[in-house]
Each structure stands twice: as C-alpha cells, then as structure tokens.
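Residue numbers (the working numbering), protein chains in the order written: chain A, 55 to 292; chain B, 4 to 193.
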C-alpha cells in the first residue's frame, strides 16, 4: 500500500491534518518507492523553476516613454481582501446613463463606436503593453430589441471586451472579441461595455439610424458618470 | 543570467520575503515613487523585474506576454501604489498584482501562443535538454492548469489564495493541481 499521488503532493506542500502528515511521514520512512516519488516531485519542481527563468530585458525606457505619453494603466488589486473581488478584476466603471427609446418599427440595435484617442502623440503602446483597439473602430451590436436600456461603460486596461446586462431578471449571453460584441437575449436593463482605457470619443448608433456622439472628459475617473438622453425618435434617420 | 533578487522557496516552505534591509529599501522607494520620483520607480523596476517577468512568463507561457505584463505593471504602478497599504511586504503585494495582471492577459487571449523554446543559459547539453523539455511541458499545459501549478508549486501560494486569485473553489484548485502534476509527470518521465 503506497501513498496516493495526491497525498504525496499534499505532503510536499505541508498540507493536511497533523495526524495524516505524521502517518505519511512514518510511511515514507519505511517505503523507498514513495520516497523516490517524493524526490521526483521536488526534482520536477526545481527543474521547472530553473527552466522558466529566461533573460529579462531592461526596457524601463519604454515604461518612461509610456508614462510621458500620458498612458494610464489600471492594475488589478494586490490584496486578498481587496474589494476588487466584488467586481471583475481590473475593471472600473465609468457610467453612461441614458434612456434609449425604441423605435416602433422593430428590431433595435445600439452600436458603440470607439474613436481614436484625442491626442496625436505617438502611440503609447509601442510593441508592448495595451493592444490597439483604439486605433480602430470598435463595434458593439445589441440584439434583440431592448427597451429603456441603460449603457454603462467599464474601463479596462487590456483588450478584453465584455458585455454584461443587468436589470430585470435576465442575464445576457454574449460573444465577445477584439472587434465586436454581439449581445443576445436581453430583456431589458443595463448593458455594460468594456472599452479601452484611452478611448476618448464614443458614439452610439441606435436602430433607427440616429447617431449620438459623446466626448469623454479628459480624465475619465472610476465611477464617474456621463449622462445623455436620447429623445424619442421622431422618425427617419438623421 | 541568474537573478540575485529572486528567492522563491519551494512550496513546502514559507514564501521567501525580502530581507529586512530590502523591505526597508522598498518602503523608501515606494514612498518616493508616490512622490513622483521616476528614479525611484526605476529602482523598483530593477529590483523586482526578474521576479515579475519570470512569474508572468510561467503563467502565460509567452515571453512577449511576460514583457507586456512587466511593462504594464510599472506603467500602472505609480497609480496603483495608492492601494498599497503596507500590509505585508511590498514584493509580495507586487507579485500578487503581477499575477493578476498576467491572469487577465491569459483570459483575454483567444489562443495560446506558439510554444517557445526558452533561451537556455546552461552550458551542459544534458541539463539544457532537460530544461527545454520542462519549459515546453509547462508552456503546453492548458491555461486552466498552468496557473494553478505555477502559483502553487513555483510561487508558493496556498490553495485558498489561488482560489481567490483565479475565482475558483479551493476544491477546484486542488483538483487542477493534481491534474497538472499528472500532466507534468507524464511529460517528464524518461
């Protein structure tokens, strides 16, 4: 009778109740095979650690260049009790609150298009750092019809884009990617859209063809609110 | 290149913290960085870049991702230091933030990067080959298992800490570690 693999791993990690550990210790004293397995485990751990220490380039100048360009990166929390756990890691919320009126004509689609950053300095991303969605339009399409929808914008420090919907009793299913998000099965409430940190201009295109353009303030702080109202459609595209 | 500042223990020992002298120096550099000193930020970068880079590399399996994480971390650090409340050592806090940043990157990417042959510095062919096999094995491990293996066995986190960082249960963390070990043993058996 030998120690199981799980028991060996737990022993190596000094986990488990003291009695179990004492029994495992006694077994290891008598069992060369299990001692060999324990030794192999330590050996693999050391080998993997040594094998995954590539040379580290010193590119602090690139860090300075990005800071000089005014780039802002929001980092996730570092403490286990950090309240970031109450919301997705690494994201902060900038809130748009708008009431979107449905066109009576049928399907409604809201499209958020993110423009390039307002500054014209050299791209801050360089060959590393944030992906470059701000260099391209970014489209969020919302299907199917949504009534009295609010839109919230989450800040993100990466290229991840997610859309969630809350409100009412429905959760949304969505497919996200670097360029577009398609949201489905929304029955109402608010839609959250993650946007790149450096997004400066937003536009919403509603299903009846109207386009609402919004300029973000210079510094979009967490939980700040941008409000806009969309008057009921008077019919016809602008 | 050896890393004089990296001192990660095995997971069977408490995580290695900076010496008291190092912790004092970190505290001073943090204070000056909060005051806007780029020089202090640079000093923090040079003190901790190996540890951060190696952690990010192990988690993501990609040197490009590791470099991006290192850069993002220090671009964001001046602002993030507002949240560092000096509970525990700075390095522990920094590595935890680095791990979360790397994990975010892992979640964001659509496909794993091509497995990279690490730049091996050993002069001995046998040990070099073993290192390559080990590094490849880690890189080829699935994105679900690799973070648990790295955080548990290389970085010395407990299952409770890993569960919180990965937003999984403690039981799931244990199970994934078990599977990761089975994968690693299979890849490294002679």
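Glycine included, every Cβ here is placed at the ideal spot set by N, Cα and C.
Straight-line gap, residue i to residue j (C-alpha atoms, nearest Å)
i              : j              : result
residue 98(A)  : residue 122(A) : 44 Å
residue 192(B) : residue 47(B)  : 40 Å
residue 70(A)  : residue 180(B) : 15 Å
residue 91(A)  : residue 40(B)  : 51 Å
residue 119(A) : residue 113(A) : 10 Å
residue 42(B)  : residue 177(B) : 42 Å
residue 194(B) : residue 50(B)  : Beyond the ends of chain B as shown, which are 4 and 193, falls residue 194(B); an answer cannot be given.
residue 166(B) : residue 60(B)  : 20 Å
residue 124(A) : residue 59(A)  : 51 Å
residue 103(A) : residue 44(B)  : 27 Å
residue 187(B) : residue 140(B) : 7 Å
residue 150(B) : residue 62(B)  : 5 Å
residue 78(A)  : residue 77(B)  : 44 Å
residue 182(B) : residue 94(A)  : 16 Å
residue 84(B)  : residue 98(B)  : 13 Å
residue 155(B) : residue 57(A)  : 20 Å
residue 109(A) : residue 54(B)  : 11 Å
residue 194(B) : residue 75(B)  : Chain B is shown only over 4 to 193; residue 194(B) falls outside these bounds and no answer can be derived.
residue 100(B) : residue 62(A)  : 30 Å
residue 68(A)  : residue 153(B) : 17 Å
residue 294(A) : residue 161(B) : Residue 294(A) lies beyond the range of chain A shown here (55 to 292); nothing can be said about it.
residue 37(B)  : residue 104(B) : 21 Å
residue 58(B)  : residue 138(B) : 13 Å
residue 164(B) : residue 65(A)  : 18 Å
residue 92(B)  : residue 35(B)  : 17 Å
residue 96(B)  : residue 102(B) : 10 Å
Exposure of residue i, with buried meaning 16 or more beta-carbon neighbours within 10 Å
i              : result
residue 73(B)  : buried
residue 64(B)  : buried
residue 74(A)  : exposed
residue 86(A)  : exposed
residue 111(A) : exposed
residue 72(A)  : exposed
residue 68(B)  : buried
residue 106(A) : buried
residue 142(B) : buried
residue 185(B) : exposed
residue 79(B)  : buried
residue 210(B) : An answer regarding residue 210(B) cannot be provided, because it is not within the stretch 4 to 193 covered by chain B.
residue 17(B)  : Its pLDDT being 33, under 50, residue 17(B) is placed unreliably by the model, and the measurement read from it follows with that caveat. Label assigned to residue 17(B): exposed.
residue 251(A) : Note on residue 251(A): pLDDT 37, under 50, position unreliable in the model; the coordinate value appears next. Counting Cβ neighbours within 10 Å, residue 251(A) comes out buried, since at least 16 surround it.
residue 70(B)  : buried
residue 82(B)  : exposed
residue 76(A)  : exposed
residue 116(A) : buried
residue 189(B) : exposed
residue 94(B)  : buried
residue 66(B)  : buried
residue 158(B) : buried
residue 132(B) : exposed
residue 142(A) : Caution is warranted here: a pLDDT of 27 is assigned to residue 142(A), below 50, making its placement in the model unreliable, and the coordinate value is therefore given only provisionally. The residue in question, residue 142(A), is buried, as its Cβ has 16 or more Cβ neighbours within 10 Å.
residue 134(B) : buried
residue 52(B)  : buried
Proximal chain D residues relative to residue i, where beta-carbon distance stays under 7 Å
i             : result
residue 60(A) : Among the protein chains in the structure shown, which are A and B, there is no chain D.
Please identify, using Cβ separations under 9 Å, the residues of the segment 116-132 of chain A that lie next to chain B, in order along the chain. 116, 117, 118, 120, 121, 125, 126, 127, 128, 129, 130, 131 and 132
Counting Cβ pairs closer than 8 Å, one from the segment 166-174 of chain B and one from the segment 63-82 of chain A, do we hit at least three? no
At a CB distance below 9 Å, what residues from the segment 74-97 of chain B approach chain A? Give them in sequence order. 74, 75, 76, 77, 78, 79, 80, 81, 82, 83, 86, 87, 88, 90, 91, 95, 96 and 97
For the segment 26-40 of chain B against the segment 102-111 of chain B, do three or more pairs of beta-carbon atoms, one drawn from each stretch, fall closer than 8 Å, so that the two count as touching? Not touching, per the Cβ criterion.
As an exercise, report each continuous alpha helix (DSSP H) stretch of at least 4 residues that is fully enclosed by the segment 147-174 of chain B, in chain order. 149-152 and 162-169
Three Cβ pairs or more, each shorter than 8 Å: is that satisfied between the segment 143-151 of chain B and the segment 92-111 of chain A? no
Got a sec: which bits of the segment 20-48 of chain B sit with their beta carbon under 9 Å from any beta carbon on chain A, in order along the chain? 41, 44, 45 and 48
As an exercise, report each continuous alpha helix (DSSP H) stretch of at least 4 residues that is fully enclosed by the segment 47-110 of chain B, in chain order. 66-83
Using a Cβ-Cβ cut-off of less than 8 Å, give me the residues of the segment 88-102 of chain A that come near chain B, in sequence order. 94, 95, 96, 98, 99, 100, 101 and 102
Selection of the segment 157-173 of chain B by Cβ proximity to chain A, strictly under 7 Å: 157, 164 and 167
Between the segment 48-64 of chain B and chain A, which residues of the former have a C-beta closer than 8 Å to a C-beta of the latter? From the segment 48-64 of chain B, only 48, 49, 52, 53, 56, 57, 60 and 61 have a Cβ closer than 8 Å to chain A.
Of all the residues that make up the segment 144-155 of chain B, which are near chain A by a beta-carbon distance shorter than 9 Å? Correct list: 152, 153 and 155.
Taking a Cβ distance cut-off of 7 Å, strictly less, list which residues of the segment 55-84 of chain A are near chain B, in chain order. 59, 60, 63, 66, 67 and 68
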